[in-house]
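Reading through the structure tokens given below for one structure.
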Amino acid sequence: MSAPIYWREKLYRYRLVASYCDKCNKKYYPPRPVCLQCGNTELREVKLPNTGTLISFTTVYQTFPEFSKLAPYVIGIIRLDDGTTIVAQLTDVDQIELKEGIRVEAVFRKMYEDGESGLIYYGTKFRPVSR
Amino acid sequence: MSEVYITGIGYTQVSEHWVKSIKQLSLEAAVKAIKDSGYKKPDSIVLSSSLASFLQHQEALSNLIREYLGFSNLHNIKVEAGECSGSAAVEVATSLINSGRFKNVLVLGVEKPSDKLPQEFNASLSSTLDRDYYFYNGITHASLFALVYKLYMKQYGIKQEDIAAFAVHDHAMAVNVDYAQYRFPISIDRVLSSPNVSEPLKLFEAFPTSDGASALMISSKDQVDNPDYAVKLEAISSASDLSFVYRSDFLSFNSLRFAFEDLRKKTKLAKKDINFLEIHDSYSIAAPLIIESLGLAEKSEACKMLKEGEFEKDGTLPLNMSGGLKARGHPIGATPIYQIVEAVLQLRGKASNQVSNAETGLVQSMSNIADQAYLILLRRYK
Numbered sequence: 002m003s004a005p006i007y008w009r010e011k012l013y014r015y016r017l018v019a020s021y022c023d024k025c026n027k028k029y030y031p032p033r034p035v036c037l038q039c040g041n042t043e044l045r046e047v048k049l050p051n052t053g054t055l056i057s058f059t060t061v062y063q064t065f066p067e068f069s070k071l072a073p074y075v076i077g078i079i080r081l082d083d084g085t086t087i088v089a090q091l092t093d094v095d096q097i098e099l100k101e102g103i104r105v106e107a108v109f110r111k112m113y114e115d116g117e118s119g120l121i122y123y124g125t126k127f128r129p130v131s132r
Numbered sequence: 013m014s015e016v017y018i019t020g021i022g023y024t025q026v027s028e029h030w031v032k033s034i035k036q037l038s039l040e041a042a043v044k045a046i047k048d049s050g051y052k053k054p055d056s057i058v059l060s061s062s063l064a065s066f067l068q069h070q071e072a073l074s075n076l077i078r079e080y081l082g083f084s085n086l087h088n089i090k091v092e093a094g095e096c097s098g099s100a101a102v103e104v105a106t107s108l109i110n111s112g113r114f115k116n117v118l119v120l121g122v123e124k125p126s127d128k129l130p131q132e133f134n135a136s137l138s139s140t141l142d143r144d145y146y147f148y149n150g151i152t153h154a155s156l157f158a159l160v161y162k163l164y165m166k167q168y169g170i171k172q173e174d175i176a177a178f179a180v181h182d183h184a185m186a187v188n189v190d191y192a193q194y195r196f197p198i199s200i201d202r203v204l205s206s207p208n209v210s211e212p213l214k215l216f217e218a219f220p221t222s223d224g225a226s227a228l229m230i231s232s233k234d235q236v237d238n239p240d241y242a243v244k245l246e247a248i249s250s251a252s253d254l255s256f257v258y259r260s261d262f263l264s265f266n267s268l269r270f271a272f273e274d275l276r277k278k279t280k281l282a283k284k285d286i287n288f289l290e291i292h293d294s295y296s297i298a299a300p301l302i303i304e305s306l307g308l309a310e311k312s313e314a315c316k317m318l319k320e321g322e323f324e325k326d327g328t329l330p331l332n333m334s335g336g337l338k339a340r341g342h343p344i345g346a347t348p349i350y351q352i353v354e355a356v357l358q359l360r361g362k363a364s365n366q367v368s369n370a371e372t373g374l375v376q377s378m379s380n381i382a383d384q385a386y387l388i389l390l391r392r393y394k
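Each protein sequence line maps, in turn, to chains A and B.
All you need for this note's numbering is the position in the first sequence, starting with 1, plus 1.
All you need for this note's numbering is the position in the second sequence, starting with 1, plus 12.
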């Protein structure tokens, strides 16, 4: 990936910023310019809640070269507390038995890096909420 | 829809062709299709390849292949629509003929992922999903199916062995199919004890790395000179769906539902008229979701239908007589054209797992997790 591609997308990657259609009361993450239900182009940015519930998860073993050092890692479907569904990576799960229905929260984490001297890419992952 | 016919087919063995290039595979399939058509000279080549720009770093591929096939000057175009590129290429070729511009169009699908390491193939396949989101977050093609796999088992109380049985079915069919990649049976225990790709999805539930090229000569009606061999392209329907992350129901493929509604509107097709079905079962779990989204099984019933033998050669809905994506193989841009090749063989009465009295066959393809889908209905000429 190149610096420009990375730079222009960083807002929604660093923070859970979605686009919101007032007419449909529908939120989109990742954000998009046009509502998929009504065609509204006047969507506004809203911050999504940082907490939600794990709906389904999978441990990924076969992956891209950029993520192979990280594997196995977990991808989950998360229903945030406002009802928005997102698909994201889970982290800090080594000591935990994952189950559908557990509470998770968003955290800022490194995603991958372009070799020893390349860019380091950051984004949002989710971790189980400690009780 | 149309008066467009398939007058020739050609294909290579699906395999890992270490010693052949993307061009050599294309040539082999194209020459066979031209020969099979009674040596028709195509007016155009419509090429389907989805990943050559990633895997071979080659663009303008259709013009390159045109020259390699020995045509010094010939209309050509590449069509790309992810894993359903081949179906889209057939659609474009059909339109070129229906418009009256051309009489014979060679549709050629080719892919050669074995030129790269499996991880790089995996990364290239992620290019058919929005890389800004899915790749960036480490969300693989297989992981989406794995997420849905768990939801399906939970929602309907179905065991993994009943879903993984679709891989066993594909292998059982491929044993007889001369062009299939894996011509051996596998047991359910072997499938379930294979390594995880993205748990619960096992390696033997996932499509392999497949190289191959397949070709069709598509012709206007006046070009049909062998009615016993010609197969009618009765109808093509396509539809699309929201990207996975925006969906509200993960267990229904809307693109397939929309495409099938459109197809039935165009053709008055009744379910019982479908003599055989080729589906894009890139992973075992895709099979029940496809069959149920098409309405050919009630929700949660597809695995039961498999168990009861309804998808066998002599069942009510013969499924993947070619061996499907698991065992025939999945050379991405060529896959839908291999599916159509199998349908043509069935309708000619020359298939390895021949369905008796086959008159109408349905071919289903899709990209990713049904982000885009195609249905192609084929009918015997006579």
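Glycine included, every Cβ here is placed at the ideal spot set by N, Cα and C.
Just so we're clear, the structure is a prediction, and the values are computed from it rather than from any experiment.
Check, Outcome
"Residues of the region 129-146 of chain B whose Cβ lies closer than 9 Å to any Cβ of chain A, in chain order", "Leu129, Pro130, Gln131, Glu132, Asn134, Ala135, Ser138, Asp142, Arg143, Asp144, Tyr145 and Tyr146"
"Under the three-state DSSP convention, the category Ser131/A falls into", "coil"
"Gly119/A versus Glu67/A: straight-line alpha-carbon distance, rounded", "12 Å"
"Chain B residues whose Cβ lies nearer than 8 Å to that of Thr60/A", "Asn208, Ser210 and Glu211"
"The region 318-325 of chain B / the region 174-181 of chain B touching (three or more Cβ pairs under 8 Å)", "yes"
"Listed by chain order, chain B residues near Arg134/A by CB distance under 9 Å", "This structure leaves residue 134/A out entirely; chain A is present only between 2 and 132."
"Under 9 Å by beta carbon: chain A residues contacting Gly150/B", "Val61, Thr64, Phe65, Glu67, Phe68, Leu71, Ala72, Tyr74, Ile76, Gln90, Met112 and Tyr113"
"Rounded separation between Leu308/B and Val160/B - CA only", "20 Å"
"Minimum Cβ-Cβ distance from Leu44/A to chain B less than 8 Å", "no"
"Simplified DSSP state of Lys24/A, which is helix, strand or coil", "coil"
"Cα-Cα separation, Glu89/A to His292/B", "According to the sequence provided, residue 89/A is Ala. The question's Glu does not apply to it. Distance between the alpha carbons of Ala89/A and His292/B: 26 Å."
"Rounded straight-line distance, which links the Cα of Gly150/B to that of Ile77/B", "34 Å"
"Inter-stretch contact at 8 Å, needing at least 3 Cβ pairs: the region 235-242 of chain B / the region 33-41 of chain B", "no"
"Completely contained beta strand (DSSP E) runs for the region 53-88 of chain B, where each covers 3 or more residues", "56-60"
"Contact list for the region 245-269 of chain B against chain E, Cβ threshold 7 Å", "The chain labelled as chain E is not found among the protein chains of the depicted structure, namely A and B."
"Beta-carbon separation (whole angstroms), Lys244/B vs Tyr393/B, contact threshold 8 Å", "6 Å"
"Residue burial classification, Gly22/A (beta-carbon count within 10 angstroms, cutoff 16)", "Per the sequence shown, residue 22/A should be read as Cys rather than Gly. Result: buried."
"The region 324-342 of chain B touching the region 79-91 of chain B, judged by at least three CB pairs closer than 8 Å", "no"
"Under 8 Å between C-beta atoms of Gly224/B and Glu123/B", "yes"
"Burial state of Cys96/B, where buried means 16 or more other Cβ atoms lie within 10 Å", "buried"
"Residue span of the alpha helix (DSSP H) that contains Val102/B, given as start and end", "Ser97 to Asn110"
"Ile21/B CB to nearest heavy atom of the ligand ZN below 7 Å", "With respect to small molecules bound, the structure shown includes none, and the ligand ZN cannot be examined in it."
"Neighbouring residues, chain B, relative to Ser57/A (Cβ below 7 Å)", "Leu159, Lys162 and Leu163"
"N- and C-terminal bounds of the alpha helix (DSSP H) containing Met165/B", "His153 to Tyr168"
"Local Cβ density within 10 Å of Cys39/A, reported as buried at 16 or more and exposed below that", "exposed"
"Cβ-based neighbour list, Ala370/B, same chain, cut-off 7 Å, excluding 5 preceding and 5 following", "Asn287, Phe288, Gln358 and Leu359"
"Buried versus exposed call for Glu98/A [16 or more other C-beta atoms within 10 Å across all chains shown]", "exposed"
"Secondary structure of Glu106/A, DSSP reduced to three states", "strand"
"When Ala93/B, Asp174/B, Ser252/B and Leu67/B are compared against Pro348/B, the one with the closest alpha-carbon", "Ala93/B"
"Chain-ordered chain A contacts of Ser205/B [CB-CB under 8 Å]", "Simply none; closest approach about 15 Å."
"Best match in Asn51/A, Tyr62/A and Arg33/A for proximity to Glu43/A [C-alpha to C-alpha]", "Arg33/A"
"Three-pair Cβ contact test at 8 Å for the region 115-129 of chain B versus the region 138-155 of chain B", "no"
"Chain-ordered neighbours of Leu37/A on chain B, where CB pairs are closer than 7 Å", "Leu254 and Tyr258"
"Three-state secondary structure (DSSP) of Leu301/B", "helix"
"Distance between Ser210/B and Val58/B (C-alpha atoms, nearest Å)", "35 Å"
"Cβ-based burial, Tyr194/B [other Cβ within 10 Å; buried from 16]", "buried"
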